[in-house]
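*Asks:* One structure follows; several queries about it will come next.
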Amino acid sequence: MGGWTLSEIVQLLLNGLAAGCIYGLVALGFVLIYKATEMVNFAQGDLLMLGAFMAYALIEHYSMNYWAAFLGAVLFMAVFGYLLDTVILRQVIGQPQFAVVMLTIGLGFLFRSGASMIWGTETRAFATPFTDGVTRVGGFVIADVNLSIVIGTAILCGLLYAFFRFTRIGVAMQAASQNQLAAYYMGIPVKMIFSLVWAISAGVAAVAGILLAPVSLIDVTIGLIGLKAFAAAVLGGFGSIPGAVFGGLVIGVIEQFSGIYLPEGFKDVAAYIVILLVLFARPQGLFGNIGRKRV
Amino acid sequence: MRFFFKTDYNQDINLFRDGVDRFWYGLLIAVLLVAPFLLEDFWLGEISYVFILAIVGIGLMILTGYTGQVSLGHAAFLGIGAYTHSVLLTMGVPFWISIPVATLLSAVIGALIGRPALKLTGVYLAIATLAFAFIIEQILIRWEHVTGGFKGFPVPRPEVLGVGLVDDVPFYYICFGALVLAVLAALNLLRSPTGRAFVAIRDSEIAAQSMGVNLAAYKTMAFSISAGFTGFGGTLFAHKIGYLAPDAFNILLSIQLLLMVVVGGLGSLHGAIYGAIFVGSLPQLIAILRDYLPESVARQPGLEPGIFGLILVFFILFEPLGIYGRWLKVKLYFSLFPLYKKATFKRQKTYTKSERNR
């Protein structure tokens, strides 16, 4: 491997970071929902797929401009997430975890099937302001699509941080996730808060989908990325928001480098090997902590 | 309405509750034994497939329905069983050695994956088994000189005294015998202290632990036994599909297997069998359904997974006890006829039980 120059390694690192941002965003969606409602949404990747297809529909069929379509798709998915919680997922509160896992897997299948009925199974693409552009920074050439993913993720994380830290409703969400009953007694509408968390999570998935679209063209199976994002969430320790993003970046970089330095095939399963290693060695992840139950 | 007066402790663990049960199960076995003389080969093939699914379903039921551990990776154990058996057959090992070897190997790998997975509960376990299944699938693809890679290889067809064992009728009897063995093994397991310990772990780990159940040992055992059953089912599955390729053992199959135990009814062996019948006949049902749907919907490739998803969602929301649970309700309705209370099976109001503390 001596033939690798610094610039190639940096290039690999950048690609890894861009892919990692997407994993991070999807993982962020898992973690938001898990922190609030203790449900794990196996359909998160399919929400990403729906978001990307919504943007595609708005741009190609209604000839909207990219930014308007971006906003439209995210809003649509947020409403979709809200309704998903109020209509379906609220029914299984208090059921064993297993029920939630199966339910969201079933929903994921439904979304995929619905999308393939509406948009077909072919691969789609839409034009973005970033497609094919490059930016040169001090001798390194960076594809604009990758740059847009990294910057978009950074902005989104900043917005979410500000939202949870400074707005009334954001603080209410933190309270509800720490102790539902206490939050309820304090007059916080816990049910609505949970639905809003689902809305945010679906919105984040849509952002990830739209940012990802120019890199890996969209089709109905793009949601499988959600399974790799589990690695990010697990690595970060399922209950930590910064952990999810950090975990995503690590997974993205590991994947890129294992594609080059390890035998063929490792790139596809690197994320899963990381999951097993983390779960077996340190199940609470890098940032998480698990309390002890009092009997 | 019938009443059961228990006069003996053994009545709690007898295989058959009374003469009536013995009569019906006997009749069922008799019907299945003469079926090959009455049915066409096509239907025999379908029924054999249901038998195989039922064996795998029993394996998964022991883990998920009785021990309460979710596995999203059982297709991997099925794959390990199928590949080990077929590779050994190709190397010239007789089938009566290769089947036990494949079963044992699955069980050992199940124990290996189950041992570290002990620390994990609920979702984490689901994710870990999912990751494991992906890794196994990749190994099947990449270990080309043994598994044939993407292309796969045909499964040999063993013969005894000039009779092809995987011809329709002999294969039907083999699958039937295997299922009866599996059911008896599972029944005996579940009425033994080991099986009771599994159920105790499912209902409350802490309570089980305080009663002296060694969580580590029993969970590993549950994983290993479940994987063994699944691997055993896998050896027959290999003959059923006739040609092994890695994409037969993907995540979709794992979910289909879970669908089987959920739809059948978690926590009962009847459920595993009902689920197998349901999943086994689903492709036929969908084919029939296609005729009634408008042309534009019926030709969609996404229809089948969509229906899978829909069924899963409906069962989780409306009948979490599955087909077997529904059957119990219907039975109770008739045995109590004018006095059936709707609230008997009403779901109690429940609250989220936090898994963050453990």
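Going line by line, the protein sequences match chains A and B. Per the numbering used here, residue 111 is the first one in the first sequence, and the count goes up by one each step. Per the numbering used here, residue -2 is the first one in the second sequence, and the count goes up by one each step. Just so it is clear, CB atoms sit at the ideal spot from N, CA and C, and this is done for glycine as well.
1. My output table needs one value for A/V244: the three-state DSSP class, helix, strand or coil.
2. Just the Cα atoms here: how many angstroms apart are A/D195 and A/R275?
3. Taking B/I171 as part of the alpha helix (DSSP H), name the residues at either end of that continuous run.
4. With DSSP as the reference, label A/V251 as helix, strand or coil.
5. A/V360 to B/V47, Cα distance in whole Å?
6. Can you tell which of B/I44, B/D18, B/G76, B/S223 has its C-alpha closest to the C-alpha of B/A179?
7. Can a CB atom of chain A be found closer than 8 Å to the CB of B/F305?
8. So is B/D38 buried or exposed if we call it buried at 16+ other beta carbons inside 10 Å?
9. Please check if any C-beta of chain B sits within less than 8 Å of the C-beta of A/T331.
10. Report yes if the CB atom of A/L334 is closer than 8 Å to the CB atom of B/V310, and no otherwise.
11. Please tell me whether B/G195 and B/T64 are closer than 8 Å, where the distance is taken between their beta carbons.
12. So which of A/P352, A/D378, A/E374 has the shortest CA-CA distance to A/F140?
13. Based on Cα-Cα distance, which residue from B/V152, B/P317, B/P33 lies nearest to B/C172?
14. Cα separation between A/H171 and A/V184?
15. So, at 8 Å on beta carbons, what are the nonlocal neighbours of A/L142 in its own chain, with the 5 sequence-adjacent residues on each side left out?
16. If we define contact as Cβ-Cβ less than 8 Å, is A/F304 a contact residue for chain B?
17. Where A/V300 and A/A146 are concerned, what is the direct C-alpha to C-alpha distance, given to the nearest angstrom?
18. Mapping DSSP to helix, strand and coil, what is B/G357?
19. Name the residue from B/V327, B/G306, B/P91, B/K148 whose alpha carbon lies nearest to the alpha carbon of B/L362.
20. Mind the definition here: the stretch 230 to 241 of chain B touches the stretch 47 to 56 of chain B only if three or more C-beta pairs lie below 8 Å; say whether that holds.
21. Answer yes if the stretch 72 to 90 of chain B comes into contact with the stretch 260 to 272 of chain B, meaning at least three C-beta pairs across the two stretches below 8 Å, and no otherwise.
22. Would you call the stretch 154 to 168 of chain A in contact with the stretch 319 to 333 of chain A, where contact means no fewer than 3 C-beta pairs closer than 8 Å?
23. Hey, how far is the Cα of B/V31 from the Cα of B/L24?
24. Quick one: which residues of the stretch 125 to 137 of chain B get their C-beta closer than 9 Å to a C-beta of chain A? List them in chain order.
25. Using the beta-carbon of each residue, which ones in chain A are nearer than 7 Å to B/Q297?
26. Between which two residues does the alpha helix (DSSP H) carrying A/N125 extend?
27. Who are the Cβ neighbours of B/G56 in its own chain at under 6 Å, not counting the five residues just before and after it?
28. Does DSSP classify B/Y321 as helix, strand or coil?
29. Between A/Q154 and chain B, is any beta-carbon pair separated by less than 8 Å?
30. Can you find the residues in the same chain that come closer than 6 Å, C-beta to C-beta, to B/S95, ignoring five residues on each side of it along the sequence?
31. At least one CB of chain B closer than 8 Å to the CB of A/S223: is that the case?
32. Step through the CB atoms of chain A and report whether any lies within less than 8 Å of the CB of B/K116.
33. List the residues of chain E that B/P291 touches, going by C-beta distances under 8 Å, in chain order.
34. Applying a beta-carbon distance threshold of less than 7 Å, which residues of chain A neighbour B/I252?
35. If B/A108 and B/G70 are in contact, beta carbons under 8 Å, what's the gap, nearest whole angstrom?
36. Nearest to B/A182 by CA position, among B/L102, B/V67, B/L12, is which residue?
*Replies:* Per the coordinate set shown:
1. Locating residue 244 of chain A in the first sequence gives position 134, counting from the first residue. Reduced to three states, the DSSP call for A/V244 is strand.
2. Within the first sequence, residue 195 of chain A is the residue found at index 85, counting from 1. Within the first sequence, residue 275 of chain A is the residue found at index 165, counting from 1. Each residue's Cα considered, the two are about 24 Å apart.
3. Your numbering for residue 171 of chain B matches position 174 in the second sequence. Unbroken alpha helix (DSSP H) run through B/I171: 165 to 187.
4. For this step, residue 251 of chain A is matched to residue 141 along the first sequence. Three-state result, A/V251: strand.
5. Here residue 360 of chain A refers to the residue found at position 250 of the first sequence. Here residue 47 of chain B refers to the residue found at position 50 of the second sequence. When rounded, the distance between both Cα atoms is 44 Å.
6. Taking the second sequence and counting its residues from 1, the one referred to as residue 179 of chain B is at position 182. Cα-wise, what sits closest to B/A179 is B/S223.
7. Locating residue 305 of chain B in the second sequence gives position 308, counting from the first residue. For B/F305, the answer is yes, since a Cβ of chain A falls inside 8 Å of its Cβ.
8. Translated into positions along the second sequence, residue 38 of chain B becomes position 41. Per the 10 Å Cβ criterion, exposed.
9. Numbered from its first residue, the first sequence carries residue 331 of chain A at position 221. Taking Cβ atoms only, chain B never reaches closer than 8 Å to A/T331, which makes this a no.
10. Mapped onto the first sequence, residue 334 of chain A falls at position 224. Mapped onto the second sequence, residue 310 of chain B falls at position 313. No.
11. The residue given as residue 195 of chain B occupies position 198 in the second sequence. The residue given as residue 64 of chain B occupies position 67 in the second sequence. The identity of residue 195 of chain B in the sequence shown is Phe, whereas the question assumes Gly. Yes, these two residues count as a Cβ contact at 8 Å.
12. In the first sequence, residue 140 of chain A corresponds to position 30, counting from 1. Here the closest residue by C-alpha is A/P352.
13. For the purposes of this step, residue 172 of chain B is taken as the residue at position 175 of the second sequence. Selected option, being the one with the closest Cα: B/P33.
14. Taking the first sequence and counting its residues from 1, the one referred to as residue 171 of chain A is at position 61. Taking the first sequence and counting its residues from 1, the one referred to as residue 184 of chain A is at position 74. The straight-line gap from Cα to Cα measures roughly 17 Å.
15. Sequence index remark: in the first sequence, residue 142 of chain A carries index 32 (1-based). For A/L142, where only same-chain residues beyond five positions count, the Cβ hits under 8 Å are V307, I310, S311, V314, I351.
16. For the purposes of this step, residue 304 of chain A is taken as residue 194 along the first sequence, with counting starting at 1. It does not; no Cβ of chain B falls within 8 Å.
17. Residue mapping note: residue 300 of chain A aligns to position 190 of the first sequence, counting from 1. Residue mapping note: residue 146 of chain A aligns to position 36 of the first sequence, counting from 1. Distance between the alpha carbons of A/V300 and A/A146: 10 Å.
18. Here chain B has residues from -2 to 355 only, and residue 357 of chain B is not among them.
19. Any question about residue 362 of chain B goes unanswered here, given that chain B covers just -2 to 355.
20. yes
21. no
22. yes
23. As a first step, residue 31 of chain B must be located in the second sequence, where it is residue number 34. As a first step, residue 24 of chain B must be located in the second sequence, where it is residue number 27. Near 11 Å, if we compare the C-alpha coordinates of B/L24 and B/V31.
24. A125, L127, A128, F129, A130, F131, I132, E134, Q135, I136
25. As a first step, residue 297 of chain B must be located in the second sequence, where it is residue number 300. Neighbours of B/Q297 on chain A, chain order: S226, M227.
26. As a first step, residue 125 of chain A is located in the first sequence; it is residue number 15 there, counting from the start. It spans 116 to 147 - the alpha helix (DSSP H) in which A/N125 sits, taken as one unbroken run.
27. Here residue 56 of chain B refers to the residue found at position 59 when the second sequence is read from its first residue. Here the set comprises S223, F226, T227.
28. Working through the second sequence from its first residue, we reach residue 321 of chain B at position 324. B/Y321 falls in the helix class under three-state DSSP.
29. Within the first sequence, numbered from 1, the residue matching residue 154 of chain A stands at position 44. By this cut-off, A/Q154 is not an interface position.
30. The residue you call residue 95 of chain B lines up with position 98 of the second sequence. For B/S95, where only same-chain residues beyond five positions count, the Cβ hits under 6 Å are H82, L85, L86.
31. In the first sequence, residue 223 of chain A corresponds to position 113, counting from 1. Closer than 8 Å: yes.
32. In the second sequence, residue 116 of chain B corresponds to position 119, counting from 1. Closer than 8 Å: yes.
33. Absent from the structure is chain E; the protein chains it does hold are A and B.
34. Along the second sequence, read from residue 1 onward, the residue named residue 252 of chain B stands at position 255. The answer, in chain order, is I215.
35. Translated into the one-based positions of the second sequence, residue 108 of chain B becomes position 111. Translated into the one-based positions of the second sequence, residue 70 of chain B becomes position 73. Contact doesn't hold; Cβ gap of about 14 Å is too wide.
36. Here residue 182 of chain B is taken as the residue at index 185 of the second sequence, counted from 1. Nearest C-alpha to B/A182: B/L12.
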